[in-house]
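These protein sequence lines are chains A and B, in that order.
Throughout the first sequence, residue numbering follows UniProt numbering, covering 1 to 540 in sequence.
Throughout the second sequence, residue numbering follows UniProt numbering, covering 1 to 685 in sequence.
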Amino acid sequence: MSPLVAGLAQVGILLVALAAAYRPLGDYMARVFGSEKHSKLELAIYRLGRVNPDAEQKWSTYAYGVLGFSFVSVVLLYVLQRIQSVLPFDFGRGNVPPGMAFNTAVSFVTNTNWQSYVPETVMGHTVQMVGLTVQNFVSAAVGLAVAVALVRGFVRSQTDRLGNFWVDLVRGTIRILLPLAFLFAIALIALGVTMSLKSGVDVDGQTVANAPIASQEAIKELGTNGGGVLNANSAHPFENPDEWSNLIEIFLLLVIPVALTRTFGQLVGNRKQGYVLLSVMGLIWGAMLAVIWAAEANGLRPLEGKELRFGIPASALFANSTTGTSTGAINSLHDSFTGLGGGGTMLNMLFGEMTPGGVGTGLYSILVMAIIAMFLAGLMVGRTPEYLGKKLGRKEVTAAAVSILAMPTVLLIGAGIAAILPSTQAALNNPGSHGLSEILYAYASASNNNGSAFAGITVTNDWFQASLGICMAFGRFIPIIAVLALAGSLAAQKKVPVTAGTLPTTGPLFATLLGGSIVLVAALTFVPALALGPIAEALL
Amino acid sequence: MTSTLQRTPEEIRDRHAENLGHQVGSGIFTPRQLLTSFPDALRKFDPRYQLRNPVMFVVWVGSLLVTVFAVTDPSVFSIAVALWLWFTVLFANLAEAVAEGRGKAQADSLRRTKKDAIARRLTEDGSEERVPGTELRIGDLVVVEAGEIIPGDGDVVEGIATVDESAITGESAPVIRESGGDRCAVTGGTTVLSDRIVVRITTKPGESFVDRMIALVEGAERQKTPNEIALTILLSTLTIIFLLAVVALQPFAIYSGGEQSVIVLTALLVCLIPTTIGALLSAIGIAGMDRLVQRNVLATSGKAVEAAGDIDTLLLDKTGTITWGNRRATEFIAANGTDERVLAEACRLSSLADGTPEGRSVVELCVEKYGLSAEPTDAEKVGEFVSFTAQTRMSGIDLNGRSIRKGAASAFTTSGEVQAIVDKISEDGGTPLVVAENDEVLGVIRLSDVVKPGMKARFAELRAMGIRTVMVTGDNPLTAKAIAAEAGVDDFLAEAKPEDKMALIRKEQEGGRLVAMTGDGTNDAPALAQSDVGVAMNTGTSAAKEAGNMVDLDSDPTKLIEIVEIGKQLLITRGALTTFSVANDLAKYFAILPAMFAAIYPALGQLNIMRLATPQSAILSAVIFNALIIVALIPLALKGVRYRPSSASALLRRNLLIYGLGGIVTPFAGIWLIDLLVRLIPGID
């Protein structure tokens with residue numbers, strides 16, 4: 001098989017697998033969040049946390065829940081790293097330095113999984129298993145919860161209640177993420193992903209680092225986290241042994257964000273509303289795949305840093321999916337991509353992580369964009385803008401605007417300062433436009449909670465640790481607060497009936513409008529910066 | 001410009017003719033208006049004023065910044081950019097000033113109606129005292145006699161008079177106002193032509209309908225409407241994004257070894273932020289109100305106008321709105337072996353002297369269908385007209401021994417055949433009039449409600465816009481159904497009492513629908529108040545006018561359809577120009593970015609697809625285009641984007657094509673053309 005045919009076959013298998021999972025998983029998730037019954041295990045957890053699972057919350061209470069839970073998570077994860085030397089399985093790796101511990105704590109709690117450390121020399125198994133893996137589950141569940149709260153805002157009317165954050169968090173973790181992650185961890189072990197409590201194995205007299213990888217590997221992808229157990233991430237044979245494990249990992253990256261559109265359609269009572277979101281996500285994902293693939297296939301750059309085990313198509317497929325889902329796991333170094341290919345992975349993030357985006361975050365981000373698009377479209381048809389039966393007025397537009405503003409704000413400020421700091425020059429491996437691409441990529445990755453690294457830039461100095469940590473936190477929580485406020489004001493509204501004058505949001509016209517808005521907003525915001533980075537590189 | 005409120009009847013007719021074509025246009029915009037508005041535009045340079053518009057405030061600050069740099073380090077380029085940035089602010093001011101100027105002209109003509117009348121107030125003991133109209137309070141009773149001006153809005157509580165309302169409505173034919181009933185409301189500023197009336201004042205001075213309208217069209221007190229506020233937030237967000245993008249560009253440029261001047265960065269910023277819509281936004285709003293006033297509709301708030309565009313359900317009274325107010329003769333049905341022509345001649349004779357609308361319609365039918373004469377011959381003039389009385393229940397003529405009568409069927413002795421005809425007409429929703437000569441029945445005239453021409457088409461348009469029309473009538477369900485089907489309304493409410501109307505509105509609103517209606521009577525007032533858009537007829541009572549949020553001075557119930565169109569057009573204009581404004585940015589990137597960075601990365605010169613001469617000419621051309629497009633779009637902002645009733649999808653597709661795609665293409669052409677001239681300026685390199 002030629003690489004092209006093999007690549008197309010992989011894309012084909014991936015799409016078939018996603019299509020097969022779409023309905024059952026989407027419907028299952030809709031049932032999980034729609035059901036009123038609690039399992040015994042869940043009830044025990046609620047009793048332990050002194051939570052009344054049947055008490056619904058206002059948007060502000062819900063938001064306090066998210067923020068409080070995340071804050072406590074950051075503190076616990078920070079402390080865990082700082083006291084590593086007294087924990088078992090630390091292999092003498094010592095306490096993680098403060099700046100790095102802060103950055104890592106924020107990174108895993110915000111579902112970013114930006115890694116400024118080399119796992120096999122910094123993190124012991126206890127921190128990995130008790131700290132990082134736990135966050136891999138719950139940070140993804142937080143994203144799911146916020147998305148579901150927003151959907152409830154559309155579905156409900158004349159209420160100030162959005163559900164219970166603790167119930168949504170627990171259900172997302174226990175009923176969705178845990179079973180799937182368990183299942184696929186077993187599958188990955190079967191394919192050769194390692195699972196060991198030892199610090200390494202001897203291979204031909206050399207010690208190769210090892211860890212309980214498979215248990216983290218599945219949720220790393222499934223929860224769109226991306227933090228590798230080993231520095232080389234999914235390029236490492238222990239994390240990603242062959243093309244089948246590679247395909248499974250790509251499938252896991254995409255499956256929840258994709259199926260959530262079905263969940264959305266089910267919950268709002270019109271599956272077409274979900275299909276149209278999926279079509280927009282899919283079209284942009286497909287187009288970007290074509291760009292990255294073509295750029296890599298035709299690239300004239302030397303093979304330095306290129307992934308040869310999986311080849312160009314599988315690398316492009318992984319790179320496109322990991323940057324399109326806010327995961328950030330990698331099976332090849334994006335830094336070694338061509339100007340256009342690397343720029344493509346960056347652009348995926350700059351779209352705001354909604355093609356199809358992270359677990360939960362992808363859905364709520366694209367819904368926010370839909371609100372902006374429908375606001376303008378509503379005006380253009382001469383009616384007070386509405387979407388899914390809710391009017392888009394001052395409050396809704398404000399919340400959507402704040403949500404959209406957060407990412408570019410922290411990204412551009414952070415990258416702008418970094419570009420002129422003298423210390424940055426020392427941190428960069430490449431001068432000129434590629435160096436700027438590296439800076440932009442780092443801040444795009446952090447601000448969008450992606451976590452993939454362009455590499456080529458050493459991000460361990462205090463400025464990077466602190467500024468990227470802040471970008472991750474603001475890029476995550478400002479949109480979450482705005483989205484929950486949005487959900488609150490939507491839920492408080494009466495539902496506007498669908499009449500002949502309503503602009504339909506299920507057809508190609510809406511898909512074009514939404515897709516156009518996503519591309520246009522990203523392009524208008526970032527073209528000047530990109531001109532000096534990837535665009536200059538690509539045109540050279 | 002001429003006052004739009006004081007029109008001759010010819011002008012009114014012309015205007016109505018124009019309205020039939022659905023052109024929700026407005027007075028013609030002339031370049032002269034730019035000149036006359038110039039002083040006002042200059043006054044708006046005050047930064048406190050600019051702060052009200054975040055987008056233009058950024059331009060204002062940018063202009064100041066560039067001016068400082070242009071003064072400290074003068075060059076042809078820096079001075080030219082500074083000048084054109086100020087022009088951008090000026091053009092925005094101008095757009096608003098022109099719109100306000102047109103509004104002021106409206107306001108002035110409205111204000112002219114508020115001549116300070118001296119009121120003859122009745123005191124408790126029945127005597128009169130003379131007080132200025134401005135001192136009247138609600139509940140005061142004033143006497144107005146022929147030749148005097150009515151000092152304030154109110155209801156006639158005593159007497160009957162003819163009133164000249166041309167000052168308000170432009171309609172020169174006097175109208176009758178009388179106490180009691182639905183024609184008791186009088187408007188301050190109108191003149192009593194005959195007789196004497198006593199008016200109870202119903203509004204405080206300064207708060208009459210006209211006062212509120214003046215405040216609205218002048219723009220001074222203009223409150224932003226909800227959609228306008230939401231749009232302003234979106235525009236501010238875009239401005240912040242671009243501000244960030246441009247500010248962050250400097251460190252990236254420094255990193256890349258090509259630091260940019262503040263002048264260039266400011267030029268880029270101003271070109272990117274949505275100045276086009278920012279500059280025209282308030283003009284669009286003012287012009288929308290203005291269009292409404294030109295249609296002789298007074299609205300109490302801009303919000304109501306916006307709501308009109310959102311209407312889902314339209315309640316229309318049958319009589320006078322869907323059908324002509326009067327029943328008209330539509331058919332003569334001969335009976336008892338009478339020849340149809342003989343019947344027609346008898347009908348004509350019986351109605352020649354009958355001045356009632358029904359009587360006239362009988363003669364008209366004779367003329368149209370049977371070619372008979374509408375005028376009595378000399379021989380016929382000697383006949384003696386017998387008018388209708390409650391006792392005889394018939395009218396007619398005695399002529400040369402012939403006694404021709406027409407009247408209700410019950411007034412005659414009717415045969416089975418005639419009775420069958422009569423019953424059939426009643427069933428169809430018509431009214432039968434039996435015609436007899438010398439007590440011998442000749443046949444029956446069918447009087448029916450006639451649907452106004454063109455109504456069916458208008459309802460079809462409304463349906464295309466997604467608006468459901470409901471006909472409200474006091475008729476029985478059978479009649480109502482027949483007329484509803486003929487007129488093409490979606491639904492009807494038969495045997496409607498005012499409380500039924502109210503219940504219908506509530507039911508629609510509970511489902512989340514917005515309801516509009518027209519009304520004139522006092523018993524319409526609660527429904528008018530309940531509806532989202534209530535248009536009261538000027539001929540109606542004060543209670544109705546107070547309850548509604550608009551008053552139609554022409555008292556034309558079909559006006560509601562135009563009001564809906566104006567409301568929609570207002571939103572569409574805003575949306576379309578926003579789209580246009582944002583779409584413009586693409587070309588500006590292609591103009592400015594290569595100009596800024598081709599020196600560092602020559603490869604970026606490939607992006608200069610317009611082949612602009614030099615970096616400076618490219619940047620200046622973009623700035624000039626950005627300023628000129630505002631002026632170019634002022635007429636569109638004032639007139640409003642053309643609105644064609646069609647489905648939402650069709651509208652969106654059309655507007656996306658014109659203003660989205662057009663917005664992408666236009667600046668490429670515009671900037672390229674401007675550059676052809678700019679490159680000739682000496683000192684630009």
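Heads up, the beta-carbon is just placed ideally off N, CA and C, and yes, glycines get one too.
The structure presented is a predicted model; accordingly, all values stated were derived computationally and were not measured.
Q. Within the 8 Å Cβ cut-off, does A/VAL496 reach chain B?
A. yes
Q: Give the DSSP-derived three-state secondary structure of B/PHE385 in the structure shown.
A: strand
(Q) On the criterion of 16 or more Cβ atoms from any shown chain inside 10 Å, does B/PRO602 qualify as buried, or is it exposed? (A) exposed
Q: Please say whether A/ILE250 and A/PHE310 have beta carbons closer to each other than 8 Å?
A: no
Q: Please check if any C-beta of chain B sits within less than 8 Å of the C-beta of A/SER433.
A: yes
Q. By the 10 Å Cβ neighbour count, where 16 or more other Cβ atoms means buried, how is B/PRO682 classified, buried or exposed?
A. exposed
(Q) So, for B/HIS16: in the same chain, excluding its five sequence neighbours on each side, which residues have a beta-carbon less than 7 Å away from its beta-carbon? (A) With a pLDDT of 39 at B/HIS16, under the threshold of 50, the modelled position of that residue is not reliable, and the figure given next carries that caveat. Nothing listed; no residue qualifies.
Q.
Counting only Cβ pairs nearer than 7 Å, list the residues of chain E close to A/PRO504.
A. Of the chains in the structure shown, none is chain E; the protein chains are A and B.
Q: Alpha carbon to alpha carbon, how far is B/ASP439 from B/PRO432? Give it in angstroms, no decimals.
A: 17 Å
(Q) On a Cα-Cα basis, can you pick out the residue from A/VAL109, A/SER116, A/VAL118 that is closest to A/GLY131? (A) A/VAL109
Q) Are B/ALA185 and B/THR541 touching if we call contact CB-CB under 8 Å? A) yes
Q) Quick one: what does DSSP say A/THR133 is sitting in, helix, strand or coil? A) helix
Q: Say whether chain B places a C-beta atom closer than 8 Å to the C-beta of A/PRO88.
A: no
Q) Is the CB of A/LEU178 under 8 Å away from at least one CB in chain B? A) no
Q.
Counting only Cβ pairs nearer than 7 Å, list the residues of chain A close to B/GLN606.
A. LEU539
Q) Which value, in whole angstroms, describes the spacing of the CA atoms of B/PRO31 and A/ILE439? A) 52 Å
Q: Output yes or no for whether 8 Å exceeds the beta carbon distance between B/ALA279 and B/ALA97.
A: no
(Q) Between which residues of its own chain and B/ARG111 is the CB-CB distance below 7 Å, once the five residues before and five after are set aside? (A) ILE214
Q. If you run the structure through DSSP and keep just helix, strand and coil, what is B/GLN223?
A. coil
Q) For A/PHE510, which option in A/LYS390, A/ALA536, A/ILE372 has the closest C-alpha, if you only look at C-alpha atoms? A) A/ILE372
Q) If you measure beta-carbon to beta-carbon, which residues of the stretch 372 to 384 of chain A are closer than 9 Å to chain B? A) ILE372, PHE375, LEU376, ALA377, GLY378, LEU379, MET380, VAL381, GLY382, ARG383, THR384
Q: Note down the Cα distance separating A/ALA209 from A/GLY469, rounded to an integer number of angstroms.
A: 27 Å
Q. Under a CB-based cut-off of 8 Å, is A/LEU405 close to chain B?
A. yes
**Q.** Residues bridged to B/ILE445 [DSSP beta-bridge criterion]
**A.** B/PHE332, B/LEU433
Q) From B/VAL623 to A/SER489, what distance separates their C-alpha atoms? A) 40 Å
Q. Taking Cβ-Cβ distances shorter than 8 Å, what residues in chain B pair up with A/LEU412?
A. LEU244, ALA245, VAL247, ALA248
Q) Taking 8 Å as the CB-CB cut-off, is A/ALA531 touching chain B? A) yes
Q) When we look at the beta-carbon of B/LEU657 and count the other beta-carbons within 10 Å, is it buried (16 or more) or exposed? A) exposed
Q) What span of residues does the alpha helix (DSSP H) with A/GLY26 cover, start to end? A) 3 to 34
(Q) Here's the rule I'm using: 16 or more other beta-carbon atoms within 10 Å means buried, otherwise exposed. How should B/VAL342 be labelled? (A) exposed
Q: Pick helix, strand or coil for B/PRO132, following the three-state DSSP scheme.
A: strand
Q) Whose CA, out of B/ALA460, B/ASP475, B/PRO477, lies closest to the CA of B/THR469? A) B/ALA460
(Q) Measuring only the C-alpha atoms, how far is A/TRP114 from A/SER445? (A) 8 Å
Q. Given B/GLU165, which residues of its chain have a CB within under 7 Å of its CB, disregarding the five upstream and five downstream residues?
A. GLU171, VAL175, THR187, THR190
Q. Going by Cα to Cα distance, which pick from A/GLY339, A/ALA415, A/ALA473, A/ASN225 is closest to A/GLY357?
A. A/ASN225
Q. Can you round the beta-carbon distance between B/LEU193 and B/ALA119 to whole angstroms, since I take them to be within the 8 Å contact cut?
A. Actually they do not touch by this definition, with Cβ atoms about 18 Å apart.
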